[in-house]
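Peer 1: After the structure tokens below, expect a handful of questions from me.
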Amino acid sequence: MIELVLVYCLVADPKNCQEQRPVFEEPLTAATCLMNAQKMAIEYVREHPAWQLAGWRCEKDKPAERPA
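Encoded structure:
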């Protein structure tokens, strides 16, 4: 499974960052992950102007975290 990971940091505090993992209806391929990255990043920044895109990646086969 491939997952799109977008990293945003606050414009006023660039060391304060967070990851966003958008949920898609269909599983992503490497190509669809690459094609969706810019679109999703632009939409998020438009809706959240206090944040800026710091980076993104397409992760493959990362196991889900287990609750503590």
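In my numbering, the protein residues as written are -10 to 57. Glycine residues also receive a C-beta, built at the ideal position from the N, C-alpha and C atoms. Note that this is a predicted model, so its numbers are computed, not measured.
Which whole-angstrom value is the C-beta distance of LEU42 and LEU(-5), which I expect to be below 8 Å?
Peer 2: 7 Å
Peer 1: Of all the options GLU14, PRO16, LEU17, CYS(-2), which has the alpha carbon lying nearest to the alpha carbon of GLU8?
Peer 2: CYS(-2)
Peer 1: With distance defined between alpha-carbon atoms, name the residue in GLU36, ILE31, VAL12 nearest to GLY44.
Peer 2: ILE31
Peer 1: Sort VAL0, ALA26, THR18 by Cα distance to ARG10 and report the nearest one.
Peer 2: In terms of Cα proximity to ARG10, the closest of VAL0, ALA26, THR18 is ALA26.
Peer 1: Opposite VAL34 in the DSSP bridges: which residues?
Peer 2: DSSP lists no partner for VAL34.
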